[in-house]
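Asks:
Residue numbers (our numbering): 1240 to 1600.
1) Just reading off the beta strand (DSSP E) that residue 1386 is part of, what are its end residues?
2) Roughly how many angstroms lie between the CA atoms of residue 1500 and residue 1477, to the nearest whole one?
3) To the nearest whole angstrom, what separates the beta carbons of residue 1544 and residue 1474, a pair I think is in contact under 8 Å?
4) Cα-Cα, which of 1537, 1439, 1452, 1572 is closest to residue 1515?
5) Take every Cβ of the stretch 1335-1344, pair it with every Cβ of the stretch 1402-1412, and state whether three or more of those distances are shorter than 8 Å.
6) Measuring alpha carbon to alpha carbon, tell me which residue in 1481, 1550, 1413 is nearest residue 1507.
7) How many angstroms separate the CA atom of residue 1302 from the CA atom of residue 1561?
8) Quick check: residue 1314 and residue 1385, are their CB atoms within less than 9 Å of each other?
9) For residue 1327 and chain C, any beta-carbon pair shorter than 9 Å?
10) Could you name each continuous alpha helix (DSSP H) segment of 4 residues or more that falls completely within the stretch 1283-1364, going from the start of the chain to the end?
11) Using 8 Å for Cβ pairs, my map puts residue 1469 next to residue 1586. What's the rounded Cβ distance?
12) Are the stretch 1368-1377 and the stretch 1345-1357 in contact at 8 Å, needing three or more beta carbon pairs?
13) If contacts are defined as beta-carbon pairs under 8 Å, then residue 1350 and residue 1583 qualify, I think. What distance do you get, rounded to the angstrom?
14) For the candidate residues 1523, 1324, 1509, whose alpha-carbon lies nearest to that of residue 1460?
15) When the distance is taken between beta carbons, is residue 1305 closer than 9 Å to residue 1407?
16) Would you check if the distance between the CB atom of residue 1455 and the CB atom of residue 1525 is smaller than 9 Å?
17) In chain order, what residues of the same chain have a beta carbon less than 8 Å from the beta carbon of residue 1556, not counting five sequence neighbours either side?
18) Going by DSSP, name the residue or residues bridged to residue 1401.
19) I need the straight-line Cα distance from residue 1482 to residue 1471, nearest angstrom please.
20) Does DSSP put residue 1599 in a helix, a strand or coil?
21) So, helix, strand or coil for residue 1381, using DSSP?
22) Sort out for me which residues DSSP pairs residue 1529 with in a bridge.
23) In the DSSP assignment, find the alpha helix (DSSP H) that holds residue 1435 and state where it starts and stops.
24) State the Cα-Cα distance for the pair residue 1431 and residue 1517, rounded to the nearest angstrom.
25) Do residue 1395 and residue 1447 have their beta-carbon atoms positioned less than 9 Å apart in this structure?
26) Can residue 1392 and residue 1336 be called in contact, C-beta distance under 9 Å?
27) Quick check on this structure: which residue in 1513, 1558, 1421, 1519 has the alpha carbon closest to the alpha carbon of residue 1450?
28) Look at the Cβ atom of residue 1572, then the Cβ atom of residue 1579, and state whether they are nearer than 9 Å.
29) What residues in its chain sit with their C-beta under 8 Å from that of residue 1298, if we drop five residues either side in the sequence?
30) Taking residue 1443 as part of the beta strand (DSSP E), name the residues at either end of that continuous run.
31) Let me know if residue 1434 comes out buried or exposed under the rule of 16 or more other beta-carbons within 10 Å of its beta-carbon.
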């Protein structure tokens, strides 16, 4: 009897030991799984942060499209010639100069007709009344804005379109959204005027999104030649836009968790922190006539960000807010709204030396 009890106790002890060993093994497996899961999530988080900062600093570049190549090869038929120029700081640009044409393109006819309806007398084709520097947005390039230049050459503006750093054919890898580009744009403009022999005045600037931030930074410099400005779909602070976009994509909590370290990575890559890119601060120094354009359906750069930028321009500055009905961020220039004519009217009536005699004030 005692022997049988001893065997039973021994068996029970062995079972208890096995269960304890099994529980311990399960705990170890769960701990290891938790560690690997944490490492995986941490790695994924780091990849997302790195990708986000990289997309802001160094967006993908595109080759020329067949349509852009065709337009470059046949601009005289569109009423302008194109001269390629590269400044000493490496900034490539297209200098688009009006030429006389027997028949304007449809784009040119449309803007000229819309301007004429406003009571503004335009010069004949081929005459140049001033220069307009056109600055592209993030992920854009100078050739994207040839149709814009086509329109403004038709109303007398020589158009200069540079590739900004991190975009197009520019040799610099990273964009800083105006912090370093402002001086570069002004240097490029001065050198192009000297090399190609055209007067620096009168001159205006038009920038879209990132290009608008660059325009504001450039116009705020003490030696800026610009006499009027138009900014389209531009933000007050890049940091607030990044947080908004990250929140829309990832949710408010995860978006904030990604945007903060992305600021640090962006700074490591470019030497400039996202939190330091504040065209709203530069706007306070600007006194030239300024039009601020924003689509009322823009969620990439919320209307509130554009409003904050507009409010920052001094009250003494002649300024105008223009809302484009139904326009989102990427299509603000291509809706049915007569935006090109509205911006053209602003430039013609506020760039002093370019103002036609019949232009209203």
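C-beta: ideal position from N, C-alpha, C; glycine also.
Replies: Let's see:
1) Not the beta strand (DSSP E): residue 1386 falls in the alpha helix (DSSP H), residues 1385-1393.
2) When rounded, the distance between both Cα atoms is 14 Å.
3) In this structure residue 1544 is in contact with residue 1474, their Cβ atoms being roughly 4 Å apart against a cut-off of 8 Å.
4) The candidate whose alpha carbon is nearest that of residue 1515 is 1452.
5) No contact exists between the stretch 1335-1344 and the stretch 1402-1412.
6) Residue 1507 has its Cα closest to that of 1413, out of 1481, 1550, 1413.
7) Taking C-alpha positions only, residue 1302 is separated from residue 1561 by approximately 33 Å.
8) One thing to note: residue 1314 has its Cβ within 9 Å of the Cβ of residue 1385.
9) The chain inventory of the structure shown lacks chain C, comprising one protein chain alone.
10) With a minimum length of 4 residues, the continuous alpha helix (DSSP H) runs that stay inside the stretch 1283-1364 are 1305-1312, 1345-1356.
11) Rounded, the Cβ-Cβ distance is 7 Å, consistent with contact.
12) The stretch 1368-1377 vs the stretch 1345-1357: no contact.
13) Rounded, the Cβ-Cβ distance is 6 Å, consistent with contact.
14) Nearest to residue 1460 by C-alpha distance, out of 1523, 1324, 1509, is 1523.
15) In this structure, residue 1305 does not lie closer than 9 Å to residue 1407 by Cβ.
16) Yes, they are a contact pair.
17) If we look at residue 1556 and ignore the five residues flanking it on each side, its Cβ neighbours are 1525, 1526, 1527, 1528, 1529.
18) Answer is 1332, bridged to residue 1401.
19) So the alpha carbons of these two residues sit roughly 20 Å apart.
20) Bear in mind that the predicted position of residue 1599 carries a pLDDT of just 46, short of 50, making it too unreliable to give a figure here.
21) Correct three-state label for residue 1381: helix.
22) BP columns for residue 1529 point to 1468, 1558.
23) That run of the alpha helix (DSSP H) goes 1420-1435.
24) Between residue 1431 and residue 1517, the C-alpha separation is close to 28 Å.
25) With a cutoff of 9 Å on beta-carbon distance, residue 1447 and residue 1395 are scored as not near each other.
26) Yes, these two residues count as a Cβ contact at 9 Å.
27) Of the candidates 1513, 1558, 1421, 1519, the one whose C-alpha sits nearest the C-alpha of residue 1450 is 1421.
28) In terms of Cβ geometry, residue 1572 and residue 1579 form a close pair [threshold 9 Å].
29) So the list reads 1377, 1378, 1405, 1406, 1414, once near-sequence residues are dropped.
30) From DSSP, the beta strand (DSSP E) with residue 1443 extends over 1442-1447.
31) Looking at its Cβ environment, which holds fewer than 16 other Cβ atoms inside 10 Å, residue 1434 is exposed.
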